[in-house]
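Notes follow once the structure below has been shown.
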Amino acid sequence: MSELPVGTKPSARFDPDTFAMNLANAMESGGRALAAYLKGRENNDARDNPPNEFAELIKTVSTVAEYWLSDQTRAVELQTKLGKAYLDLWGYAARRLSGEEIEPAIEPAPRDKRFADPEWRSNQFFDFVMQAYLLTTKWADELVRDADGLDPHTRKKAEFYIKQVTNAIAPSNFVMTNPEVLRETFAQNAGNLARGMKMLAEDIEAGNGALRIRQSDSAHLAVGVNMATTPGKVIYQNELMQLIQYSPSTETVLQTPLLIVPPWINKFYILDLKPEKSYIKWCVDQGITVFVISWVNPDKRLGEKTFEDYMKDGPLAAMDAIEKATGETKVHTVGYCVGGTLLATTLAWLADKRRARVTSATFFAAQVDFTHAGDLLVFVDEDQVSALERDMKQVGVLEGSKMAMAFNMLRSNDLIWSYVVSNYLKGKTPPAFDLLHWNSDATRMPAANHSYYLRNCYLENRLSTGSMVLDNTLLDLSKVKVPVYNLATRDDHIAPAESVLYGSRFFGGPVRYVLSGSGHIAGVINPPSLGKYQYWTNDAIGTATLAAWMEGAQEHKGSWWPDWHAWLRNIGAKEVAAREVGTVALPPIEDAPGSYVRVRA
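Each residue of the sequence shown is one higher than the one before, counting from 6 in the working numbering.
See the structure below:
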């Protein structure tokens, strides 16, 4: 069937012929999407399944259902509660239909963007559908909340899965029950659906049979072109990483260089997006010699690489290379997220070996204790980790898309369903947004490394308890005496602020805990020039809880970056002439951002 060109502007009038043709095109694209999905299954090539199997969801929800249905009294209570809610809603709808002004049975949360369109309230049909959904969601949440006898982990999993299910079935996610989408469909003669289904087919094809939701228009974004453009050179590389040294922009620089250890779960250029948002460029402009590790995007060949390999071929190898490049035996260090966890283990290993290689350590939203690790604990128990290890053993790596899906599920309304509605129902191509492009540029993880990380950190919490063994060395964070700048972000779902605060107490030296506004990314990538958010400081890090810490904290407007820079210079302000990139011993290999970062999963 030939595809009719579809305009993006609403038509002046309804045209039945155009409407029918666009619906036909949408159905054709739907068939193409189904074919791509089935082809991926036939080739066993679809690797973007959510990190939890549906069996885990069913098992968890069944545990809750068993509590309510195993007792006749509770079962009747269960039915009565929902039945009464629906009867109240029916009564509300009938009285409103008669013209009576009446308060709704339930209203959405003020910040719930799904129901922002005025027609959710002005149109009685959509108002009824919305309230029925909200009452059902409230009832489902209470099923978990009021189920006695659930262990904390099962309850947390049940809350999470119920949230995923209720988010998925929201009436805003369907054409016929979303007033805004319905208006767009008639105004555009279904052109929005034709475009949306075409994008859906393309995204399933791009995912080799699994839906890879586009969050940004990648056609106008390219690493090394309009992202990761800070000038520099790759001066060292091995199987696991490339080490980038950035060109100076000042006549003098701090004597002690800075080594940044990013997470290998994502690519390093989150710290070097557009120049006006680049933390790396900002550091260079402050007169710091900056080195950054760019991790490889591993394939099956590197599946046996361990956490120990990442330490030795990562920060330890980088420190040796930096010494050759600058003559300095010590470095300031920064570790972001899991890169921070790796940095902490490296510091403990160095402390045990009595090797003085680090002057200071800065952690961005990184955890060393996982007692309060937040929503990601939903995915971690013995059964789930064992199942994941079996899957990883078959292919040698964990596909980055699985980890990306796990992160997206933590905020599924914002990072999944809003794009489903905008892309596939409204037919809108997302704008070019560097942050979301980076978010979708996933990396794989070696099976051996990821298994060690999940078991020793999330499952058994060995690092903070002093029972983690790495390279035949028992790690003890209390031996780490270097000054620590420990940054948490207030709305972090990945490394909760409470968890980062609690982890501060395990280091043996002085710790400055700082809390930034916003979340795991925006709270870190917050240049002073934007004048956004705020940060809090309080030297009393021994406080039992984050709430208690906040009571004595001082709020500062804007970015925490200058505070960190002042802290760094207080440790050592001596300057030397700016260093050229590379030496005779380490000649430049290629221009930054290097080749490792360009490999896409």
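Beta carbons: idealized from backbone N, C-alpha and C, even for Gly.
N- and C-terminal bounds of the beta strand (DSSP E) containing residue i
{"i": "Asn491", "result": "489–494"}
{"i": "Pro237", "result": "A small fix is needed here, since residue 237 is Gly in this sequence, not Pro. First-last of the beta strand (DSSP E) with Gly237: 237–242."}
{"i": "Gln559", "result": "559–562"}
{"i": "Gly229", "result": "From DSSP, Gly229 is part of no beta strand (DSSP E); its letter is neither H nor E."}
{"i": "Phe191", "result": "Run containing Phe191: none in the beta strand (DSSP E); it sits in the alpha helix (DSSP H), 184–192."}
{"i": "Val400", "result": "Premise fails: Val400 lies in the alpha helix (DSSP H), 387–400, not in any beta strand (DSSP E)."}
{"i": "His337", "result": "336–341"}
{"i": "Thr257", "result": "257–259"}
{"i": "Glu580", "result": "580–582"}
{"i": "Gln169", "result": "Not the beta strand (DSSP E): Gln169 falls in the alpha helix (DSSP H), residues 157–173."}
{"i": "Arg517", "result": "516–521"}
Rounded straight-line distance, which links the Cα of residue j to that of residue i
{"i": "Glu147", "j": "Ala163", "result": "11 angstroms"}
{"i": "Ala114", "j": "Glu503", "result": "25 angstroms"}
{"i": "Leu540", "j": "Ala323", "result": "Reading off the sequence shown, one finds Tyr at residue 540, where the question assumed Leu. In a straight line, the C-alpha of Tyr540 is about 31 angstroms away from that of Ala323."}
{"i": "Ser534", "j": "Glu281", "result": "8 angstroms"}
{"i": "Thr364", "j": "Val487", "result": "6 angstroms"}
{"i": "Arg537", "j": "His561", "result": "According to the sequence as given, residue 537 is Lys; it is not Arg. So the two alpha carbons sit approximately 11 angstroms from each other."}
{"i": "Met6", "j": "Leu28", "result": "Because Met6 sits at a pLDDT of 36, beneath the cut-off of 50, its placement in the model cannot be relied upon, and the following sentence gives the value as read from the coordinates. Their Cα atoms are separated by approximately 12 angstroms."}
{"i": "Asp53", "j": "Ala215", "result": "With a pLDDT of 45 at Asp53, under the threshold of 50, the predicted position of this residue should be treated as unreliable, though the coordinate-derived value follows. The alpha-carbon atoms of Asp53 and Ala215 are separated by roughly 6 angstroms."}
{"i": "Pro592", "j": "Thr261", "result": "21 angstroms"}
{"i": "Ala25", "j": "Asn197", "result": "13 angstroms"}
{"i": "Lys607", "j": "Thr257", "result": "Lying before the first or after the last residue shown, residue 607 is absent from the chain, which here runs from 6 to 606."}
{"i": "Ile293", "j": "Asp388", "result": "46 angstroms"}
{"i": "Asp22", "j": "Phe191", "result": "12 angstroms"}
{"i": "Arg116", "j": "Asp222", "result": "26 angstroms"}
{"i": "Asp544", "j": "Arg362", "result": "26 angstroms"}
{"i": "Asn302", "j": "Val400", "result": "14 angstroms"}
{"i": "Lys86", "j": "Thr311", "result": "52 angstroms"}
{"i": "Asp661", "j": "Glu333", "result": "Outside the modelled stretch of the chain, which goes from 6 to 606, sits residue 661, for which no answer is possible."}
{"i": "Ser391", "j": "Val402", "result": "14 angstroms"}
Residue range of the alpha helix (DSSP H) that includes residue i
{"i": "Gln129", "result": "129–150"}
{"i": "Leu74", "result": "59–74"}
{"i": "Val81", "result": "77–102"}
{"i": "Arg574", "result": "566–576"}
{"i": "Thr470", "result": "467–470"}
{"i": "Arg46", "result": "21–47"}
Min CB distance residue i to chain C below 8 angstroms
{"i": "Tyr458", "result": "Here there is only one protein chain, and chain C is not present."}
Candidates the options: closest to residue i by CA position
{"i": "Asp156", "options": "Leu464, Arg18, Val69", "result": "Val69"}
{"i": "Asn178", "options": "Ser75, Gln372, Ser564, Arg119", "result": "Arg119"}
{"i": "Met232", "options": "Lys286, Tyr42, Pro268, Ala40", "result": "Lys286"}
{"i": "Ser456", "options": "Glu33, Pro488, Asn543, Gly308", "result": "Gly308"}
{"i": "Tyr429", "options": "Val589, Asp20, Met32", "result": "Met32"}
{"i": "Val186", "options": "Met135, Trp144, Ala227, Asp122", "result": "Asp122"}
{"i": "Ala409", "options": "Thr331, Leu441, Lys431, Leu276", "result": "Leu441"}
{"i": "Thr234", "options": "Ala224, Trp125, Gln250", "result": "Gln250"}
{"i": "Gly154", "options": "Thr190, Leu83, Glu71", "result": "Glu71"}
{"i": "Val297", "options": "Ser283, Glu108, Lys305, Asn543", "result": "Ser283"}
{"i": "Pro176", "options": "Lys161, Arg18, Val134, Gln169", "result": "Val134"}
{"i": "Arg605", "options": "Asn30, Leu278, Gly405, Tyr97", "result": "Gly405"}
{"i": "Glu465", "options": "Val373, Asp208, Pro267, Ile167", "result": "Val373"}
{"i": "Ile275", "options": "Ala145, Pro567, Phe438", "result": "Phe438"}
{"i": "Ile63", "options": "Ala110, Thr159, Pro109", "result": "Thr159"}
{"i": "Gly471", "options": "Leu492, Thr434, Gly513, Arg495", "result": "Gly513"}
{"i": "Tyr91", "options": "Ala137, Arg46, Ser103", "result": "Ala137"}
{"i": "Trp73", "options": "Asp93, Pro109, Ala145, Lys89", "result": "Ala145"}
{"i": "Gly587", "options": "Asn128, Arg18, Gly104, Val239", "result": "Val239"}
Own chain, CB closer than 6 angstroms to residue i, minus 5 neighbours either side, in chain order
{"i": "Thr142", "result": "Thr171"}
{"i": "Gly229", "result": "Pro598"}
{"i": "Ala590", "result": "Lys329"}
{"i": "Thr542", "result": "Val519, Gln559"}
{"i": "Asp132", "result": "Arg126"}
7 angstroms Cβ shell around residue i - same chain, five flanking residues per side excluded
{"i": "Cys288", "result": "Leu263, Val295"}
{"i": "Ala583", "result": "Pro253, Thr255, Glu256, Thr257, Val258"}
{"i": "Gly345", "result": "Phe368, Phe369, Ala371"}
{"i": "Gln291", "result": "His570"}
{"i": "Asp386", "result": "His158"}
Contacting residues, own chain, Cβ-Cβ under 8 angstroms from residue i (five flanking each side not counted)
{"i": "Thr548", "result": "Leu506, Trp554, Gly557"}
{"i": "Ile107", "result": "Tyr97, Arg100, Arg101"}
{"i": "Trp95", "result": "none"}
heavy atom of the ligand PLP below 7 angstroms from residue i C-beta
{"i": "Val581", "result": "This structure lacks the ligand PLP, and indeed carries no ligand of any kind."}
Are the region 445–455 and the region 258–278 in contact at 8 angstroms, needing three or more beta carbon pairs?
yes
Touching by the beta-carbon criterion (3+ pairs, under 8 angstroms), the region 415–422 and the region 569–578
With a cut-off of 8 angstroms on Cβ pairs, the region 415–422 is not in contact with the region 569–578, counting fewer than three such pairs.
Given 8 angstroms as the limit, is there contact between the region 366–374 and the region 394–410, that is, 3 or more CB pairs closer than that?
The region 366–374 makes no contact with the region 394–410: fewer than 3 CB pairs, one atom from each, lie closer than 8 angstroms.
Is the region 489–504 close to the region 523–531, with three or more CB pairs under 8 angstroms?
Verdict: yes, contact present.
Taking 8 angstroms as the cut-off, does the region 229–248 touch the region 67–85 (at least 3 CB pairs, one atom from each stretch)?
no
Across the region 514–521 and the region 336–356, are there enough close Cβ pairs to call them in contact, namely three or more that are closer than 8 angstroms?
no
Using 8 angstroms as the cut-off, can you tell me whether the region 24–43 makes contact with the region 191–207, which would need three or more C-beta pairs spanning the two stretches below that distance?
In this structure the region 24–43 lies against the region 191–207, because at least three pairs of beta carbons, one per stretch, are closer than 8 angstroms.
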